[in-house]
Every structure is written in C-alpha cells, then in structure tokens.
Amino acid sequence: MRRPYASVLSPVGQLNKQHAEPVGPAGLIGRRRFLQGGGALLAGSAMAGHAVAQEPASWSRPGLAFSNYGQPADDQITAIRWISENPAVPGDGVSWTPLHELEGTITPNGLHFERHHNGVPQLDASQWSVAIHGLTDRALRFDLEALHRYPMQSRIGFLECGGNSNTLWHPHPVQAAAGHLHGLVSGCEWTGVPLSVLLDEAGLDPDAQWVIADGLDASGVTVSLPIAKCLDDVLVALYQNGEALRPENGYPVRLFVPGWEGIVNIKWLRSLQLSAKPLWSKFDTVSYTDLHADGIAERMTFEMGVKSVITSPSPGQRWSSSGVYEVRGLAWSGAGTVQRVDVSADGGSNWAQAILQEPVLDKALTRFRIPWQWDGSAQTLLSRAVDSAGQVQPSRAALLEAKGGNAYHHYNATVSWQVAESGVITHVYL
Amino acid sequence: MSTFKLLCRAWLLGLTSGLTVTGSLADNSNFNVEPAALGQPMNADEIASLPQHVFADGAGLPPGQGTAQAGEVLYTEHCASCHGSQGQGGRAVELVGDRELLATEFPDRGIAVYWPYAPTLFEYVYRSMPPDKPASWQADELYSIIAHVLVLNALIEPETVVNAQLLSTIVMPNVDGFRTVGR
Numbered sequence: 006m007r008r009p010y011a012s013v014l015s016p017v018g019q020l021n022k023q024h025a026e027p028v029g030p031a032g033l034i035g036r037r038r039f040l041q042g043g044g045a046l047l048a049g050s051a052m053a054g055h056a057v058a059q060e061p062a063s064w065s066r067p068g069l070a071f072s073n074y075g076q077p078a079d080d081q082i083t084a085i086r087w088i089s090e091n092p093a094v095p096g097d098g099v100s101w102t103p104l105h106e107l108e109g110t111i112t113p114n115g116l117h118f119e120r121h122h123n124g125v126p127q128l129d130a131s132q133w134s135v136a137i138h139g140l141t142d143r144a145l146r147f148d149l150e151a152l153h154r155y156p157m158q159s160r161i162g163f164l165e166c167g168g169n170s171n172t173l174w175h176p177h178p179v180q181a182a183a184g185h186l187h188g189l190v191s192g193c194e195w196t197g198v199p200l201s202v203l204l205d206e207a208g209l210d211p212d213a214q215w216v217i218a219d220g221l222d223a224s225g226v227t228v229s230l231p232i233a234k235c236l237d238d239v240l241v242a243l244y245q246n247g248e249a250l251r252p253e254n255g256y257p258v259r260l261f262v263p264g265w266e267g268i269v270n271i272k273w274l275r276s277l278q279l280s281a282k283p284l285w286s287k288f289d290t291v292s293y294t295d296l297h298a299d300g301i302a303e304r305m306t307f308e309m310g311v312k313s314v315i316t317s318p319s320p321g322q323r324w325s326s327s328g329v330y331e332v333r334g335l336a337w338s339g340a341g342t343v344q345r346v347d348v349s350a351d352g353g354s355n356w357a358q359a360i361l362q363e364p365v366l367d368k369a370l371t372r373f374r375i376p377w378q379w380d381g382s383a384q385t386l387l388s389r390a391v392d393s394a395g396q397v398q399p400s401r402a403a404l405l406e407a408k409g410g411n412a413y414h415h416y417n418a419t420v421s422w423q424v425a426e427s428g429v430i431t432h433v434y435l
Numbered sequence: 047m048s049t050f051k052l053l054c055r056a057w058l059l060g061l062t063s064g065l066t067v068t069g070s071l072a073d074n075s076n077f078n079v080e081p082a083a084l085g086q087p088m089n090a091d092e093i094a095s096l097p098q099h100v101f102a103d104g105a106g107l108p109p110g111q112g113t114a115q116a117g118e119v120l121y122t123e124h125c126a127s128c129h130g131s132q133g134q135g136g137r138a139v140e141l142v143g144d145r146e147l148l149a150t151e152f153p154d155r156g157i158a159v160y161w162p163y164a165p166t167l168f169e170y171v172y173r174s175m176p177p178d179k180p181a182s183w184q185a186d187e188l189y190s191i192i193a194h195v196l197v198l199n200a201l202i203e204p205e206t207v208v209n210a211q212l213l214s215t216i217v218m219p220n221v222d223g224f225r226t227v228g229r
C-alpha cells in the first residue's frame with residue numbers, strides 16, 4: 006500500500022528530498038530553499054509574499070512517525086507517579102497520582118494511583134478465571150471469554166485508598182505537592198459486568214450475607230463485602246478508561262466498588278465466596294481499621310467521606326506576580342454527588358461558591374474552579390465540599406475532635422494552602 | 047483517478063450506505079434477550095480444591111499442630127529480622143505491645159493489643175509471610191510459629207500445643223475493641 010500513496014505525493018517527496026534539509030533555526034533557510042524549488046506549490050501559499058514572516062520551523066520538517074501506543078510529550082517529565090516503597094518489601098507501598106499536574110476529572114491510566122501489598126502479579130489472562138462459590142445454588146467458574154459475552158456497564162467513578170492523605174494526621178503540616186499528599190485517589194471510567202448478574206446466575210442462598218473476595222497476588226489481601234452492596238452497584242471490571250485494565254490496576258479483572266475504600270476493590274480477582282458471616286480477615290479487622298481516642302477501633306469503614314482539595318495552586322509552586330488566578334481543585338464523596346464546593350481565600354472567614362464542572366456524577370471526581378484576584382499579600386486558600394447526603398467536609402480540628410489522632414485512615418478534613426507575599430505556596434494547618 | 051481518491055470515495059460510500067435503513071424493526075426478536083448463562087459448573091472435587099479461607103471462629107483451619115519450641119527456631123530464621131527477636135518490631139510492625147497504651151497518643155499495635163481473633167493469624171501469615179516467599183508454609187510449621195508468637199504475647203503457656211481447636215478457643219483481649227460501621 007505504500008507505493009501508490011507515495012506516487013500521489015511524489016512532487017512533495019522530491020521537494021523535501023532536494024531542498025528542505027537542513028532546516029534553519031527560524032525556518033528561514035528551509036523557506037528559501039522552498040522558494041527556489043517549489044514554485045508550483047507556492048501559488049497556494051497565503052504567506053508567499055511576506056518576506057519577513059517567521060514561519061514555524063516544524064512547517065518545513067516532516068514530523069515523527071506513527072506510534073503503536075502514544076506517550077506523553079517529552080517535556081512532561083513531572084507528570085509522573087511518585088513512589089514510596091517499604092525498603093524491606095519493595096512491592097509494599099504506594100505511588101501517587103500527581104493531582105497537581107492534571108486537569109479535568111479522568112486520571113490517565115498510567116497515572117492511576119497504586120497501592121500494592123506485595124507487588125504486581127504477572128498473570129496469564131488466558132488462564133484466568135474467577136470462582137463464585139459457598140452459599141450459592143451452584144458453584145460457577147467464569148473465564149475471560151465468558152465474561153466478555155455478558156452485558157457490560159460503564160461508570161465513571163473515583164477510587165480512593167482508605168489511607169489517602171494520612172500524612173495530615175501528623176501534628177505538623179508536611180510540605181509536599183497536592184498529589185503527593187492526596188494523590189491516592191484517581192478517577193476513571195470503569196467498564197465490566199455487574200457482579201449482581203453473576204451472583205444471580207450462581208443463585209444466592211438466603212443466608213448468603215457476605216461476599217469474601219480475594220486476589221491472585223502474593224499479598225493475601227482478602228476482604229468481606231456486604232451482599233447488599235454487591236447486588237447494588239459493584240462491577241467486575243475489565244476495562245479502565247476504555248482499555249483493558251493495567252497490570253497495576255488488577256489485570257485482567259478486578260472489583261470496582263463505587264464510593265468505597267480502595268482495599269475492597271480487589272485487584273487480580275481470584276475468588277468470591279458467599280458466606281453467612283464476614284471472614285474477619287486481617288484486612289477486615291487489623292489493617293484498614295480506625296483507632297479512636299477511646300481505644301475503640303472502627304472497622305468496615307467502607308464509605309469514603311466527602312472531601313475536596315485544591316490542586317492548583319499546589320505547595321511547591323510560586324506565583325510570580327499578583328493578579329487574577331483560577332483556583333482549581335477536585336471534590337468527591339462516597340455518599341453521592343458533590344453538591345457544592347466553597348472556597349475561602351482568608352483562612353475560612355469568608356467563602357465563595359466555586360463553579361462545578363459538568364457533568365457532576367455520583368461517587369465521581371468533580372472539578373471545581375473559581376477565579377481569584379490575589380492582591381500580593383499573604384493569604385490562605387482552602388476548599389470545603391458539601392455532598393448530596395448533606396455531609397459537610399469537616400475542618401481539621403473537627404475531624405481530630407471526632408476521631409482523635411490515631412485513626413490513620415479516612416482523613417477528609419479541609420486542606421489549606423498559604424500563598425506567601427513571595428508567591429510561594431505552602432501547606433498550613435489552620 | 048488516483049488510488050488515494052478511489053480509497054476516499056469508497057470510504058464515503060461506506061458512510062452514506064450506513065445511513066440507509068433497511069429491513070423491518072419488527073424483526074428484532076433475537077435482541078434484548080436475557081444474558082447467556084456462561085458460568086462453568088464446578089464439581090465437588092474442584093470446589094474442594096479451592097484454597098480454604100480461615101474464619102474468625104476457626105472454620106477452615108487445617109489439620110496439624112505445633113509448639114513454641116519449634117516455632118522459635120522458625121521465627122528466628124524467617125521473621126525476627128523484620129519483626130524483632132522478641133516481636134518488638136523493627137522494619138515491620140511490632141507483634142508484641144502494651145495494651146494499656148491503646149487509648150493514648152502513641153498506641154502499640156501488637157497481636158494481643160489489637161487483633162480480635164486468633165484464627166485470622168493463620169490465613170494471614172500463610173498468605174502474606176514472609177514477603178519474599180509467601181504461601182509456602184506447611185501447616186505444622188505455621189502452627190509452631192503462631193505458638194511462639196502467642197507465647198511472646200503471653201496468650202498461651204510455652205508448652206501449649208497449638209492446633210485448630212486451640213486457636214478457635216483463645217479469647218483475644220481486644221475482641222470487643224471494635225465498632226462495626228458498614229454492613
């Protein structure tokens with residue numbers, strides 16, 4: 006197929022070959038050579054008579070070749086996940102979505118946050134299947150080929166680690182960019198088969214009140230999910246933002262549990278056992294439980310609270326001059342939609358309602374924006390979200406009052422950035 | 047006409063023909079059907095071969111037994127470098143702590159301090175530890191290691207034989223230390 010295509014373009018091909026190399030820094034050398042050799046084509050050029058025109062150098066140089074899988078621009082070197090690993094167990098750790106480098110509400114797949122407990126398993130999708138068994142009329146195994154024939158659903162939703170923002174339990178504000186403090190949350194379109202469809206096919210025993218789910222990785226992460234949620238909106242997800250799941254996000258199949266803490270969104274799904282009781286696994290009882298000041302711990306704290314964070318500006322940035330800036334951020338709630346986000350530029354004394362970017366979706370990242378005139382004096386920016394259930398994002402003081410300082414998970418208090426007179430942005434507590 | 051233009055024309059024809067509605071909308075009886083039931087039934091052997099979960103009441107614990115004496119040897123070789131020689135913690139979490147500190151600013155998180163159920167230890171340690179070679183213990187080895195850790199936590203006597211029945215009967219100090227939020 007190359008040959009006829011080349012013949013159509015042969016005049017240009019000759020031109021490039023004879024006259025268009027090398028191209029000068031301002032494009033002028035290339036243009037002069039173009040004038041010498043390409044008279045027939047010049048009649049159509051609107052800029053032909055302007056000798057002083059500064060044409061883009063890239064006009065006279067063929068671009069790069071096609072690519073099988075596109076990559077970010079070469080200069081996008083800071084829009085990456087920062088990684089924090091356990092030195093003793095490299096597969097135990099996190100990598101953060103760089104929220105401060107991104108706009109909109111959809112997280113690129115390569116930047117979705119990671120939280121692994123013992124690395125990313127390398128799985129052969131052709132050998133994969135999930136067993137649904139226990140208190141069912143029949144035990145069934147579903148392989149990938151079978152799942153692909155079921156009716157699928159897509160939903161855009163956030164996924165947040167229960168431990169997101171946990172450095173803010175620290176008594177002093179840690180200085181890091183917005184994404185490195187709060188980036189264990191991402192937003193994607195997830196597509197897959199509703200778990201309810203597969204459970205219906207297996208047939209539920211009336212005593213089946215819990216679904217015990219685990220994965221194929223080397224971590225032993227195992228959780229107990231209440232049956233009502235599983236029959237409501239849980240997806241057996243195969244696609245993430247239109248493409249097959251990434252290995253680090255559960256390839257070939259994971260659970261997507263809308264609005265609930267990341268740990269129950271089991272990756273590399275292996276087994277779903279229906280049970281009358283929860284397993285009370287280590288992950289149901291020890292990890293991902295929140296110790297309160299009275300010494301009692303909360304467990305099965307599934308739903309992620311209403312939350313917002315300003316992603317632009319972000320700590321570590323510096324504004325070069327006073328003037329108008331757009332303050333931008335993300336808000337979300339595991340209880341429903343974001344109803345409103347208020348932004349304060351004076352540490353919470355006065356508030357203005359931010360504009361919510363449509364569409365505002367259930368249990369999904371919601372972008373808010375509001376223009377702000379910075380007068381050059383030291384000011385403190387913060388945002389406060391309200392959700393459709395009427396929940397108001399708490400202040401840090403209110404959260405600590407309610408939970409004490411040892412909860413470790415589910416930190417959803419308001420977050421404050423100070424803009425100094427120098428324009429430097431820092432993380433502060435109010 | 048050039049090949050390129052021919053290709054373009056063929057492409058446009060394809061687009062326009064797609065706009066033509068042909069056939070009858072009444073002839074749609076094969077659409078909007080129930081999803082196929084494609085789950086493969088598992089027979090009794092397949093179900094029995096699935097790895098067993100270990101429930102909080104001990105259901106699912108395998109046969110076998112162990113003692114702290116054998117467990118200390120295994121613990122020292124495989125666990126102590128991260129969890130400390132006496133379970134006091136190090137690169138990994140402490141296994142032994144002070145329960146009196148639970149409601150203070152700096153709580154400990156040891157097994158007798160925080161874990162509500164002893165049988166849970168078995169599945170977790172089997173599936174997760176040691177991190178460089180999990181899911182490789184024999185049942186007797188694991189019962190032995192757990193025996194040693196329970197002795198370090200002063201939950202059993204040093205000579206106690208640990209097995210499924212023993213683990214199922216231990217009442218952990220923090221069993222009532224939780225509020226269950228979501229169901």
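Chains as they are written, first to last, in this note's numbering: chain A, 6 to 435; chain B, 47 to 229.
Each residue gets a CB set at the ideal place from its N, CA and C atoms; glycine is no exception.
For clarity, every value in this text was computed on a predicted model and none was experimentally measured.
Test: residue i CB closer than 9 Å to a CB of chain A
i: SER174/B; result: yes
i: TRP183/B; result: no
i: PHE77/B; result: no
i: GLN134/B; result: no
i: GLY143/B; result: no
i: LEU198/B; result: no
i: THR215/B; result: no
i: HIS124/B; result: no
i: GLY130/B; result: no
i: GLU151/B; result: yes
i: ASP263/B; result: This structure leaves residue 263/B out entirely; chain B is present only between 47 and 229.
i: ALA158/B; result: no
i: THR113/B; result: no
i: ALA193/B; result: no
Backbone secondary structure at residue i - three-state DSSP
i: SER131/A; result: helix
i: ARG145/B; result: helix
i: SER190/B; result: helix
i: CYS193/A; result: strand
i: VAL195/B; result: helix
i: SER276/A; result: strand
i: PHE89/A; result: Note on residue identity: the sequence assigns Ser, not Phe, to residue 89/A. Of the three classes helix, strand and coil, the one that applies to SER89/A here is strand, per DSSP.
i: ILE82/A; result: coil
i: VAL391/A; result: strand
i: SER313/A; result: strand
i: GLU253/A; result: helix
i: PRO199/A; result: strand
i: TRP101/A; result: strand
i: LEU116/A; result: helix
i: PRO231/A; result: strand
i: ASN246/A; result: coil
i: ALA163/B; result: First, the residue type needs correcting, since residue 163/B is Tyr and not Ala in the sequence shown. It is coil, neither helix nor strand.
Test: residue i CB closer than 9 Å to a CB of chain B
i: ALA1/A; result: Residue 1/A cannot be examined here, being either before or after the span of chain A that is shown, 6 to 435.
i: GLY300/A; result: yes
i: VAL228/A; result: no
i: GLN158/A; result: no
i: ALA93/A; result: yes
i: GLY167/A; result: no
i: ALA48/A; result: Any reading at ALA48/A must be qualified, since the residue scores a pLDDT of 44, below 50, and its modelled position is unreliable; the value itself is stated next. No, because no Cβ of chain B sits closer than 9 Å to the Cβ of ALA48/A.
i: ILE217/A; result: yes
Cβ distance (whole Å) where residue i is taken to contact residue j below 8 Å
i: GLY156/B; j: LEU141/B; result: 6 Å
i: ARG333/A; j: SER313/A; result: 11 Å between Cβ atoms; not a contact.
Exposed unless 16 or more other CB atoms sit within 10 angstroms - verdict on residue i
i: LYS408/A; result: buried
i: GLY112/B; result: buried
i: LYS368/A; result: buried
i: ARG323/A; result: exposed
i: LEU274/A; result: buried
i: ASP154/B; result: buried
i: LEU104/A; result: buried
i: ASP289/A; result: buried
i: GLY117/B; result: buried
i: THR112/A; result: buried
request  = May I ask you to verify whether the segment 379-388 of chain A touches the segment 257-271 of chain A, counting CB pairs closer than 8 Å and requiring at least 3?
outcome  = no
message = Under 8 Å, with one C-beta from each stretch per pair, do the segment 246-256 of chain A and the segment 198-210 of chain A reach the 3-pair mark?
response = no
task = Count the C-beta pairs between the segment 153-171 of chain A and the segment 413-429 of chain A that are closer than 8 Å, then say yes if the count reaches three, no if not.
result = yes
message = Check whether the segment 191-199 of chain A and the segment 284-298 of chain A touch, using three or more Cβ-Cβ pairs below 8 Å as the test.
response = no
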